[in-house]
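Residue numbers (this note's numbering): 542 to 753.
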């Protein structure tokens, strides 16, 4: 009787584990489908270049296809709403996605955390990046603009111009972090990050099979 009860309990646990796995994989596949739609809408005829970037992002930056597309499309949508479009918007989106991976490696952060800090800074919120020693207050941005030969006052700049200054300033002060993932891809932290992202990609692939 006890043996039979144990078998029933184990069977119940196994069924729950299988159901949980199926749900996790189909959710991942659904997320990838949804983010692809955002990529297509945000980048239009340039979407294919984002797809190619995302396909190789795991090797270059330790980002899964889903993460790379999610970061790039989220940043792209924000940049478009700021008045920046075309190839400039696409290139900025890709560069800031790559920067998120490098900053995650350099500061030993989760990539989602690093990306949110960058997103906040590009949106005009200074505190998240300030926690890493990067001060994007108006005084620093205005001084940087002057150093680049831009004499227009911050208040008289358009939203697109302000966003571009934030972007250029952020790249100028994160030189030490840029390329850090490639330099340290063999560290335990980055290998763990790659493994986790690869598993996310595997879940999406398996989940697509379940959905089909």
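The beta carbon of each residue, even a glycine, is placed where N, CA and C say it ideally should be.
Own chain partners of residue 519 with C-beta closer than 7 angstroms, once the 5 adjacent residues on each side are dropped: With the chain covering only 542 through 753, there is no way to say anything about residue 519.
For residue 737, three-class secondary structure by DSSP: Numbered from its first residue, the chain shown carries residue 737 at position 196. Residue 737 falls in the helix class under three-state DSSP.
From 600, 602, 669, 609, residue whose alpha carbon lies closest to that of residue 588: Start at 1 with the first residue of the chain shown, and residue 588 comes out as number 47. When only C-alpha atoms are compared, the closest one is 609.
Contacting residues, own chain, Cβ-Cβ under 6 angstroms from residue 542 (five flanking each side not counted): Residue mapping note: residue 542 aligns to position 1 of the chain shown, counting from 1. Because the pLDDT at residue 542 is just 47, under 50, the model does not fix this residue reliably, and the point stays unresolved.
Of the listed residues 603, 648, 583, 600, nearest to residue 622 (C-alpha basis): Locating residue 622 in the chain shown gives position 81, where the first residue counts as 1. Checking every option, the nearest Cα to that of residue 622 belongs to 583.
Cβ-Cβ distance between residue 611 and residue 654 below 8 angstroms: Residue numbering aside, residue 611 sits at position 70 when the chain shown is read from its first letter. Residue numbering aside, residue 654 sits at position 113 when the chain shown is read from its first letter. No, these two residues do not count as a Cβ contact at 8 angstroms.
Among 685, 629, 724, 664, nearest to residue 647 - alpha-carbon criterion: As a working mapping, residue 647 is identified with position 106 in the chain shown. Nearest C-alpha to residue 647: 724.
Option nearest residue 633 by Cα separation, candidates 711, 689, 681: Numbered from its first residue, the chain shown carries residue 633 at position 92. For the residues 711, 689, 681, the minimum Cα distance to residue 633 belongs to 711.
For residue 600, the first and last residue of its enclosing alpha helix (DSSP H): Position 59 of the chain shown, counted from the first residue, corresponds to residue 600. From DSSP, the alpha helix (DSSP H) with residue 600 extends over 588-602.
Minimum length 4: unbroken alpha helix (DSSP H) runs contained in the stretch 679-734: 679-688, 700-714, 721-724
Assigned exposure category for residue 679 - 16 Cβ within 10 Å defines buried: Position 138 of the chain shown, counted from the first residue, corresponds to residue 679. Classification for residue 679: exposed.
C-alpha distance - residue 601 paired with residue 722, whole-angstrom precision: Counting from one through the chain shown, the residue named residue 601 turns up at place 60. Counting from one through the chain shown, the residue named residue 722 turns up at place 181. For residue 601 and residue 722, the distance between alpha carbons rounds to 8 angstroms.
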